[in-house]
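Structure record follows, encoded as structure tokens.
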Ligand code: FAD
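Numbering (our numbering), first residue to last: 2 to 302.
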């Protein structure tokens with residue numbers, strides 16, 4: 002690993018850290034260390050890092066804001082790539098906005114509203130990066146990324162780059178082609194429409210207010226833990242089964258939103274996983290439905 006670090010530093014691929022604790026990189030505030038933590042600032046640095054990782058046989062994964070991810074307590078063997086400040090950019094042109102993959106999805110929505118562009122209001126409460134939102138086809142309030150995305154710049158794992166159009170992303174519910182083919186989103190272009198600034202701000206305020214009332218926003222969490230099953234809501238099933246407040250170590254099924262698991266401060270990934278299994282078992286027994294996780298599990302078990 003030391004040899005690889007030396008080569009990464011020699012290639013000037015941005016910041017590189019060893020044994021980086023990942024709890025500080027996830028909204029659940031849970032997760033052991035990454036052997037290697039790499040923060041490239043340009044597509045060239047990203048491609049160079051991928052080439053070196055490949056040459057050294059080191060596996061990698063990519064992390065955005067960690068707002069949909071449960072990192073295991075043992076952490077991640079290999080490298081975690083987190084796109085650096087060089088990807089934290091935004092540019093408006095007519096009715097399109099181009100955003101770098103590490104740009105905040107919430108900030109993007111606010112900035113679009115200020116420009117008088119409508120279409121991104123739904124993103125006002127989704128606390129991830131643009132890259133993570135594209136990967137997840139993030140959505141809320143009857144909209145999602147697929148409705149507004151024009152194109153995505155992707156660096157594939159062999160370092161080659163490609164621009165994919167909306168129809169090439171194979172968008173479905175919280176799913177994209179990137180779940181099947183390993184690539185890193187570096188930039189995305191969204192096509193919006195001209196709108197009324199006041200109406201946009203009012204819609205965003207309504208959504209924000211609704212979230213404040215229905216989600217445990219003061220607690221460390223990762224949003225909805227389970228995907229909604231067809232024609233139903235995971236939160237409704239969990240609440241009806243009386244599981245709100247169910248606790249395992251420092252993790253608890255939120256009293257505010259049944260499909261959220263909150264960290265009381267000392268929860269481990271194992272606590273969360275045990276709680277998730279208990280919820281799944283109960284819902285399977287009572288409703289015959291196997292809840293499928295929406296949060297993504299990363300790291301050594
Ligand atoms: P991460 O959690 O870091 O990563 C998620 C996945 O994306 C991982 O597989 C990762 O490898 C991949 N990824 C990250 N960056 C890139 C990249 N540049 N290129 C390729 N792959 C990448 N989600 C919703 O959809 N709707 C909601 O309403 C919603 N509400 C939430 C509310 C709260 C309070 C919280 C904490 C979360 C909520 N979420 C919601 C979940 C989460 O915010 C979204 O899924 C978000 O899009 C994840 O972005 P991220 O940058 O945090 O991704």
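We put the CB at the ideal spot given by N, CA and C, even for glycine.
Exposed or buried, residue i, counting other C-beta atoms within 10 Å across all chains shown (16 or more means buried)?
i           : result
residue 46  : buried
residue 223 : buried
residue 211 : exposed
residue 19  : exposed
residue 241 : exposed
residue 303 : Missing from the structure shown is residue 303; the chain here goes from 2 to 302 and no further.
residue 1   : No information on residue 1 is available, as it lies outside the stretch 2 to 302 that the chain covers here.
residue 34  : buried
residue 161 : exposed
residue 232 : exposed
residue 181 : exposed
residue 206 : exposed
residue 56  : exposed
residue 66  : buried
Which residue wins for smallest C-alpha separation from residue i, given the options the options?
i           : options               : result
residue 52  : 282, 95, 8 and 101    : 8
residue 125 : 56, 257 and 208       : 208
residue 10  : 31, 33, 54 and 238    : 54
residue 128 : 95, 74 and 111        : 111
residue 41  : 113, 213 and 80       : 80
residue 195 : 56, 119, 26 and 268   : 119
residue 94  : 31, 107 and 117       : 117
residue 225 : 147, 171, 137 and 268 : 137
residue 168 : 147, 70, 179 and 180  : 147
residue 71  : 181, 174, 272 and 202 : 272
residue 31  : 291, 262 and 206      : 262
residue 294 : 249, 154 and 176      : 176
residue 143 : 154, 24, 170 and 174  : 174
residue 1   : 193, 197 and 292      : Only positions 2 to 302 of the chain appear in the structure, and residue 1 is not among them; the question remains open.
residue 250 : 258, 105, 276 and 23  : 276
Using the Cα positions of residue i and residue j, report the straight-line distance between them to the nearest angstrom.
i           : j           : result
residue 244 : residue 280 : 7 Å
residue 270 : residue 264 : 10 Å
residue 204 : residue 122 : 7 Å
residue 130 : residue 85  : 12 Å
residue 109 : residue 132 : 12 Å
residue 145 : residue 286 : 32 Å
residue 87  : residue 247 : 42 Å
residue 214 : residue 256 : 12 Å
residue 187 : residue 165 : 12 Å
residue 158 : residue 199 : 43 Å
residue 75  : residue 36  : 10 Å
residue 113 : residue 4   : 44 Å
residue 317 : residue 152 : With the chain covering only 2 through 302, there is no way to say anything about residue 317.
residue 216 : residue 156 : 35 Å
residue 92  : residue 191 : 11 Å
residue 82  : residue 59  : 12 Å
Hey, quick one: how far does the beta strand (DSSP E) through residue i stretch, first residue to last?
i           : result
residue 188 : 184-192
residue 82  : 77-82
residue 152 : 150-157
residue 19  : 16-22
residue 70  : 70-72
residue 262 : 262-264
residue 36  : 34-40
residue 252 : 252-254
residue 164 : 162-166
Which residue comes first and which comes last in the alpha helix (DSSP H) that contains residue i?
i           : result
residue 97  : Looking at the DSSP string, residue 97 is not in any alpha helix (DSSP H); the run it does join, the beta strand (DSSP E), is 97-101.
residue 106 : 106-115
residue 273 : 270-288
Would you say the beta carbon of residue i is closer than 6 Å to some non-hydrogen atom of the ligand SAM?
i          : result
residue 64 : As far as ligands go, the structure on display features the ligand FAD and does not contain the ligand SAM.
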